[in-house]
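Novice: In the working numbering, the protein residues as written are 1223 to 1749. Each residue gets a CB set at the ideal place from its N, CA and C atoms; glycine is no exception. The model shown is predicted, which means the values in this text are computed figures rather than measured ones.
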Amino acid sequence: MLPNFSDKLGGGKLDNITFDRKAIEKAIKKLKPNLSAGPDGYPPVLIRKLVNAIADPLALIYSSFMSVGQVPNVWRCAIVTPVYKSGAAYDVSNYRPISLTCVLCKVMERVIVSEVSNYLQQKGLINKHQHGFLSRHSTTTNLLETFDDWTLAINDRASVVTAYIDFSKAFDVVSHNKLLHKLAAYGIAGNLLRWIKNFLIGRSQVTRIGHSYSDITYLCSGVVQGSCIGPLLFLIYVNDVSEEFPDSCICKLYADDVKLYSVMRTVNDYKTLQKSLDMLDNWSHVWQLPISYKKCSFMIISNLKNEQDLSLSLHLGSNAISQQETTKDLGIHTDSSLKFSSHISQLVAKAHARASVIHKCFLSKDRNTLVKAYETYVRPLLEYAVCVWSPYQLEDITKVESVQRRFTKRLYGLSNFSYSDRLTMLGLKSLQLRRLHQDLIYAYKIIFHLVDLDPCKFFLINPSRATRGHVYKLFVQQSRVDVRKYFFCYRVVKIWNSLPATTEDFASIGMFKGLINRVDLSQYVNF
């Protein structure tokens, strides 16, 4: 028997997808040419090269499949490659299964995903707290919203209790019948619903390790990891998870990563959080999405030592969840005082190790080659979600900069030059300056709605037009504590307001990037 799930739309349906040459060409151009072929044997690079010749025939073929709600049998097959995540390498649960599916099926899926996503967003059906697999969303948008709430609470002398929920093999256990039930409630109907049903049911897979293949396994549940439509179907499946939570308990999602938090001002706030956890546990049982209780935890976030040392008890069903002093939140190591020294130390150690490997493993000592490798494999480590954790203490700033300082010093012929001279000779910017630029660019994206964050939540546009400078000046807000004072939406304001910009410089993101590359911001950096 299917759980009760009422119609979410109240009128209006999406029952068919139109395939035309333009949409198919766009989907094919998004294929990554370096990926392997799926069960049909056609590699993405071949499809990309033949795009002009096959776009019209594919439009006819896809329209035919959609009209009968069917997919070829080979499109329901997958080759699974296990990708190591973390933990003990011998434990199969520490691997993520990535499926290689048919490339021509992926092209059709991309067109469908684009249409369904637009439909859901236009109807306002997607959970506003979901940041995974959606355009104008990312881990950075999730973390910025979260840390904005947390630092604001600390600035107001309150503490926050955050619970981290881990679903067990979430993508693999999605019930097909219940997923189709939800799709129908969201207005997915007709040929489109029949096509999705045919795509999901009767799937098979083999696991490949090296050149060895396992026996064929037939699947009775789950959405396909590695497909284009799988992530969207999963988002729809978990979309309603927070609908019953009270307003005081915030639920942030990134695909299957869920965190619940509540600002603690009275004992009732704790009870509200526990009640929300009970509701989440019940939801997981109803929709057959089991929680890995051992991997769940909670953390008390506060700048008051006695609050951090407070021992609380939270549980999911009959399972107590452990209290942690630090946790990894979407790749960012976070502690109970919202200081990122631990995160920076671990990040820098990993970056130093990777930079050393480049020097050891590359036979070529050509500077341009080694710098390109550094920019590809090392620097992204130091700049992932950097708007969230950008250091403000000189010790941490120096520690991060030491990665680039040491790497450039080891390049042939540069050991006797100063750091600033080495950067000039190599055409590099200091990491601190790059972080400053990224802050400004992300502020632009928020203010001009290029990412799905509410500008009014992060910035106050200065109402005064009598001041000198550009017309997009921001109001300088005051803060009581450093974690708020140096948070993204506070630290960027002074620099943003100082930009010698004209209205034309804000016309596009490209124009704005050109502006900040021209402006001398050396007064704001140490390196």
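Expressed to the nearest angstrom, what Euclidean distance is found between the alpha-carbon atoms of THR1724 and HIS1692?
Specialist: Computed Cα separation, rounded: 6 Å.
Novice: How far does the beta strand (DSSP E) with LYS1550 in it extend, from its first residue to its last?
Specialist: Unbroken beta strand (DSSP E) run through LYS1550: 1548 to 1551.
Novice: Run through the segment 1471 to 1559 for me and flag every whole alpha helix (DSSP H) of 4 or more residues, listed as ranges in chain order.
Specialist: 1489 to 1508, 1527 to 1530, all fully within the segment 1471 to 1559.
Novice: Checking the sheet assignment: what are the DSSP bridge partners for ARG1430?
Specialist: BP columns for ARG1430 point to TYR1435.
Novice: Below 8 Å on the Cβ atoms is my contact criterion, and I expect ILE1580 with TYR1596 to pass it. Report the Cβ-Cβ distance as a whole number of Å.
Specialist: ILE1580 to TYR1596, Cβ: 6 Å. Contact.
Novice: Would you say VAL1747 and GLN1654 are within 7 Å of each other, going by their C-beta atoms?
Specialist: Yes. Within cutoff.
Novice: Put ALA1688 into one of helix, strand or coil per three-state DSSP.
Specialist: Confidence in ALA1688 is poor, its pLDDT being 47 and thus under 50, which makes the residue's placement too unreliable to answer from.
Novice: Opposite THR1384 in the DSSP bridges: which residues?
Specialist: TYR1483, MET1521, per the DSSP bridge assignment.
Novice: Please state whether DSSP places ASP1242 in a helix, a strand or coil.
Specialist: In the structure shown, ASP1242 sits in coil (DSSP, three-state: anything other than H, G, I, E or B).
Novice: Figure out for me which residue from TYR1312, MET1330, ALA1311, ARG1318 has the closest Cα to the Cα of ILE1269.
Specialist: Nearest option by C-alpha distance: MET1330.
Novice: Using CA atoms only, rank isn't needed, just tell me which of TYR1666, ARG1713, ASN1684 is closest to LEU1208.
Specialist: Since the first and last residues shown for the chain are 1223 and 1749, residue 1208 lies out of range.
Novice: Excluding the 5 residues preceding and the 5 following PHE1639 in the sequence, name in chain order all residues of the same chain whose CB lies nearer than 6 Å to its CB.
Specialist: Excluding residues within five positions, none has a Cβ falling inside 6 Å.
Novice: Suppose the cutoff is 6 Å on Cβ atoms and the five residues either side in sequence are ignored; what does the same chain contact list for LEU1454 look like?
Specialist: These residues qualify, in order along the chain: VAL1335.
Novice: Between the segment 1581 to 1591 and the segment 1601 to 1617, can you find at least three pairs of beta-carbon atoms closer than 8 Å?
Specialist: No, because fewer than three Cβ pairs between the segment 1601 to 1617 and the segment 1581 to 1591 fall closer than 8 Å, the two stretches do not touch.
Novice: Which one of SER1339, ILE1387, ILE1458 has the shortest CA to CA distance from HIS1403?
Specialist: Minimum Cα distance to HIS1403 is reached at ILE1458.
Novice: Have a look at PHE1670 and ALA1607 and give me their C-alpha separation to the nearest angstrom.
Specialist: Rounded to the nearest angstrom, the two C-alpha atoms are 19 Å apart.
Novice: Could you say if the segment 1438 to 1452 and the segment 1358 to 1376 meet the contact criterion of at least three C-beta pairs nearer than 8 Å?
Specialist: Verdict: no, contact absent.
Novice: Between ALA1281, PRO1279, GLU1726, VAL1302, which has its C-alpha nearest PRO1261's C-alpha?
Specialist: Out of ALA1281, PRO1279, GLU1726, VAL1302, VAL1302 has the C-alpha closest to the C-alpha of PRO1261.
Novice: Please classify PHE1520: is it buried, with 16 or more other beta-carbons within 10 angstroms of its beta-carbon, or exposed?
Specialist: So PHE1520 counts as buried.
Novice: Ordered along the chain, which non-local residues of its own chain (more than five positions away) have a Cβ less than 6 Å from that of TYR1664?
Specialist: CYS1609, listed in sequence order.
Novice: Assuming the contact rule is C-beta atoms closer than 8 Å, THR1373 and PHE1709 should be a hit. Round their C-beta distance to whole Å, please.
Specialist: Confirmed, Cβ separation roughly 5 Å.
Novice: When you compare each of SER1514, ILE1376, ASP1237 to ASN1541 by their alpha carbons, which one comes out closest?
Specialist: Nearest of SER1514, ILE1376, ASP1237 to ASN1541, Cα basis: SER1514.
Novice: Between ILE1239 and LEU1280, is the Cβ-Cβ spacing less than 7 Å?
Specialist: No. Outside cutoff.
Novice: In whole angstroms, what is the alpha-carbon distance linking VAL1570 and LEU1616?
Specialist: Going by the C-alpha atoms only, they are around 15 Å apart.
Novice: With 16 as the cutoff for other CB atoms within 10 Å, does PRO1613 come out buried or exposed?
Specialist: PRO1613 comes out buried.
Novice: Under the three-state reduction of DSSP, which class applies to SER1289: helix, strand or coil?
Specialist: The answer is helix: DSSP assigns SER1289 an H, G or I state.
Novice: Classify CYS1442: buried if its beta carbon has 16 or more other beta carbons within 10 angstroms, exposed otherwise.
Specialist: The residue in question, CYS1442, is exposed, as its Cβ has fewer than 16 Cβ neighbours within 10 Å.
Novice: Just to confirm, is the Cβ distance from VAL1382 to TYR1483 under 7 Å?
Specialist: Contact flag set, yes.
Novice: Can you look up SER1720 in the DSSP assignment and give me helix, strand or coil?
Specialist: Here SER1720 sits in helix by DSSP.
Novice: Would you tell me roughly how many angstroms separate the C-alpha atoms of ILE1543 and LEU1696, rounded to the nearest one?
Specialist: Approximately 42 Å between the Cα atoms of the pair.
Novice: Is SER1642 buried or exposed, if buried means 16 or more other CB atoms sit within 10 Å of its CB?
Specialist: Exposed, because fewer than 16 other Cβ atoms sit within 10 Å of the Cβ of SER1642.
Novice: Roughly how many angstroms lie between the CA atoms of VAL1480 and LYS1350, to the nearest whole one?
Specialist: Their Cα atoms are separated by approximately 14 Å.
Novice: Label PRO1319 either buried or exposed according to how many other C-beta atoms from any shown protein chain fall within 10 Å of its C-beta, with 16 as the threshold for buried.
Specialist: By the neighbour-count rule (16 or more Cβ atoms within 10 Å), PRO1319 is buried.
Novice: Inspect the beta-carbon positions of PHE1241 and VAL1333 and report whether they are closer than 7 Å.
Specialist: The answer is yes: Cβ separation under 7 Å.
Novice: If you run the structure through DSSP and keep just helix, strand and coil, what is ALA1310?
Specialist: In this structure, ALA1310 counts as coil in the three-state DSSP scheme.
Novice: Sort out for me which residues DSSP pairs ARG1589 with in a bridge.
Specialist: According to DSSP, which records beta bridges pairwise, ARG1589 is partnered with nothing at all.
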